[in-house]
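Undergrad: Going by the numbering used here, 84 is the number at position 84 of the sequence shown; the sequence numbering is gapless. Here a beta-carbon is modelled for each residue, glycine too, at the ideal position from N, C-alpha and C. Just so we're clear, the structure is a prediction, and the values are computed from it rather than from any experiment. Pasting in a structure now, in structure tokens, and then I'll have a few things to ask.
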Amino acid sequence: MNLLARYAECIFWMARYMERAENLARILDVHETFARDTRGMTNWFSIVQLNADEKDFFSRHDRPTAEAVVHYYMFDTQHTNSLVSMLRMARENARVLRPWISTEMWTQINVFHNKLVEMNGKDVALPNLSKVCTWIKEECQTHTGITEGTFYRDQGWYFYQLGKYIERADQTTRLLDIKYHTLLPSPVAVGSTLDMSQWTTVLRSAAGYHAFRRVYPRGMSPTTVAGFMMFNEGFPRSVVMCVRQIDGLLTRLKSRYTLRNGSEAMEKVDELLGALLARPIEVVIQDGLHEYLDGVQGQLCGITNEIGRAFFGQTVVPMTQSQSQ
Numbered sequence: 001m002n003l004l005a006r007y008a009e010c011i012f013w014m015a016r017y018m019e020r021a022e023n024l025a026r027i028l029d030v031h032e033t034f035a036r037d038t039r040g041m042t043n044w045f046s047i048v049q050l051n052a053d054e055k056d057f058f059s060r061h062d063r064p065t066a067e068a069v070v071h072y073y074m075f076d077t078q079h080t081n082s083l084v085s086m087l088r089m090a091r092e093n094a095r096v097l098r099p100w101i102s103t104e105m106w107t108q109i110n111v112f113h114n115k116l117v118e119m120n121g122k123d124v125a126l127p128n129l130s131k132v133c134t135w136i137k138e139e140c141q142t143h144t145g146i147t148e149g150t151f152y153r154d155q156g157w158y159f160y161q162l163g164k165y166i167e168r169a170d171q172t173t174r175l176l177d178i179k180y181h182t183l184l185p186s187p188v189a190v191g192s193t194l195d196m197s198q199w200t201t202v203l204r205s206a207a208g209y210h211a212f213r214r215v216y217p218r219g220m221s222p223t224t225v226a227g228f229m230m231f232n233e234g235f236p237r238s239v240v241m242c243v244r245q246i247d248g249l250l251t252r253l254k255s256r257y258t259l260r261n262g263s264e265a266m267e268k269v270d271e272l273l274g275a276l277l278a279r280p281i282e283v284v285i286q287d288g289l290h291e292y293l294d295g296v297q298g299q300l301c302g303i304t305n306e307i308g309r310a311f312f313g314q315t316v317v318p319m320t321q322s323q324s325q
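This is the structure we're talking about:
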């Protein structure tokens with residue numbers, strides 16, 4: 001049977017919420033462990049900046065303390081980018097999709113959501129935060145494994161993969177952007193021990209440290225890290241790798257199911273891929289990495305909008321980190 005637009009949209013967003021939840025758990029975990037300054041303190045405000053949540057955060061909190069930031073991103077039900085909110089939205093989409101997804105997929109998301117809701121601030125106090133984040137990452141990876149092993153390969157599979165790779169590419173650009181403009185204390189610190197420690201944090205947040213070391217066994221620089229995360233086609237979270245996946249998925253989706261719509265989305269993907277392959281990382285950094293990443297994020301929003309117009313029967317509002325479906 002044909003996939004209704006409503007179900008396609010739910011599948012797309014379920015994948016994005018689960019991918020985003022894993023990414024946020026990685027950031028909280030790695031940030032607490034590795035992102036420390038020379039006094040051993042962690043700048044928790046950088047997580048708020050990474051997610052463009054400054055206005056919303058300060059409407060409810062006076063200062064970005066560890067407790068305030070962790071609560072905001074773990075349990076704040078009024079914050080659409082908290083883990084509780086993302087899991088709730090993923091679960092609601094999964095509930096709608098009961099006729100389309102496996103029983104194992106639904107059960108795992110439902111149990112995962114319910115266990116997270118039962119937690120409180122004491123469960124994620126800093127000595128316990130890493131353990132809880134590890135559990136969240138493992139649950140998200142379990143979801144990915146169950147989906148890989150049980151989700152029937154029809155149109156729904158393609159929309160799930162599209163949502164996952166669009167979200168993954170967007171998150172990688174945000175990780176790079178926050179390091180380049182927020183974490184570094186001053187220009188004179190470039191190349192310092194602190195600077196290299198923060199670049200290590202970025203790689204670990206993207207689960208890319210060990211892969212990076214396979215390519216660069218010795219040494220580390222802003223250029224090599226940014227180039228690896230943007231353009232390395234062997235790293236599954238690099239922007240180029242994700243955009244290539246999006247390109248192939250749209251091509252196969254249209255050809256296999258003879259869908260009339262989607263050509264505009266494919267054109268935008270081609271434009272983005274061409275832009276990514278046009279300049280080496282040295283030129284990108286020289287011309288301005290922040291502006292370049294902003295442009296990539298804008299193009300990903302454009303692709304999402306075109307997918308919405310073509311397949312969901314609506315225009316998707318451009319997403320920020322502080323917005324949701």
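#1: My guess is that Leu116 and Leu83 are in contact by the Cβ rule of under 8 Å, so how many angstroms apart are they, rounded?
#2: Given Val202, which residues of its chain have a CB within under 6 Å of its CB, disregarding the five upstream and five downstream residues?
#3: Which residue wins for smallest C-alpha separation from Tyr160, given the options Leu276, His143 and Tyr73?
#4: Rounding to the nearest angstrom, what Cα-Cα distance links Leu210 and Val30 in this structure?
#5: From Ala226 to Asp170, what does the alpha carbon distance come to, in whole angstroms?
#6: Would you grab the beta carbon distance between Phe12 and Gly248 for me? Rounded to a whole angstrom, and I think it's under 8 Å.
#7: Look at the alpha carbon of Phe45 and the alpha carbon of Ser205, and state the distance between them as a whole number of angstroms.
#8: Exposed or buried, Met1, counting other C-beta atoms within 10 Å across all chains shown (16 or more means buried)?
#9: In the DSSP assignment, the alpha helix (DSSP H) including Asp56 goes from what residue to what residue?
#10: Assuming Asn232 and Val215 form a contact by the criterion Cβ under 8 Å, report the distance between their Cβ atoms to the nearest whole angstrom.
#11: So is Tyr158 buried or exposed if we call it buried at 16+ other beta carbons inside 10 Å?
#12: Please name the residue, chosen from Gly262, Ile136, Glu291 and Trp100, that lies closest to Leu4 on a Cα-to-Cα basis.
#13: Answer with yes or no whether the minimum CB distance from Leu249 to chain B is below 9 Å.
#14: Taking 8 Å as the threshold, find out whether the stretch 296-308 comes into contact with the stretch 267-284 through three or more Cβ pairs.
#15: Whose CA, out of Glu148, Arg279 and Gln155, lies closest to the CA of Arg6?
#16: Spatial neighbours of Ala15 within its chain, please: C-beta separation below 6 Å, excluding the five flanking residues on both sides.
#17: Do Asp177 and Leu293 have their CB atoms nearer than 9 Å?
#18: Taking the alpha-carbon of Leu259 as reference, which of Gly234, Val239, Ile307 and Phe228 has the nearest alpha-carbon?
#19: Identify which residue in Gln141, Gln108 and Ala68 has its Cα closest to the Cα of Val124.
#20: Grab the span of the alpha helix (DSSP H) containing Asn261 for me, first residue to last.
#21: Can you find a heavy atom of the ligand PLP that lies under 8 Å from the Cβ of Phe312?
#22: On the criterion of 16 or more Cβ atoms from any shown chain inside 10 Å, does Gln198 qualify as buried, or is it exposed?
#23: Under the three-state reduction of DSSP, which class applies to Trp199: helix, strand or coil?
#24: Counting only runs that start and end within the stretch 223-271, where is the beta strand (DSSP E) found for 3 or more residues in a row?
#25: If I follow the unbroken alpha helix (DSSP H) through Ser61, where does it start and stop?
#26: Could you check what DSSP says for Tyr216 in three-state terms: helix, strand or coil?
#27: Please classify Asn128: does DSSP put it in a helix, a strand, or coil?
#28: Leaving out five residues on either side along the sequence, give the residues of the same chain with a beta carbon under 8 Å from the beta carbon of Met333.
TA: Straight from the coordinates:
#1: 6 Å
#2: Leu175 and Lys179
#3: His143
#4: The residue asked about is misnamed: residue 210 is His in this sequence, not Leu. For His210 and Val30, the distance between alpha carbons rounds to 14 Å.
#5: 14 Å
#6: About 16 Å; that fails the 8 Å criterion.
#7: 16 Å
#8: Residue confidence for Met1 is low, a pLDDT of 43 falling below 50, so the modelled location carries little weight; the figure read from the coordinates is stated next. So Met1 ends up on the exposed side.
#9: Glu54 to Phe58
#10: 7 Å
#11: buried
#12: Trp100
#13: No chain B appears in this structure, which consists of one protein chain only.
#14: yes
#15: Gln155
#16: Tyr160, Gly163 and Lys164
#17: yes
#18: Ile307
#19: Ala68
#20: That residue, Asn261, is in no alpha helix (DSSP H); it is neither H nor E in DSSP.
#21: As presented, the structure is devoid of all ligands, the ligand PLP included, so that no description of it is given.
#22: buried
#23: helix
#24: none
#25: Contrary to the premise, residue 61 reads as His rather than Ser in this sequence. Element bounds for His61: n/a, residue is neither H nor E.
#26: coil
#27: helix
#28: The structure shown does not extend to residue 333, since the chain spans only 1 to 325, so no value can be given for it.
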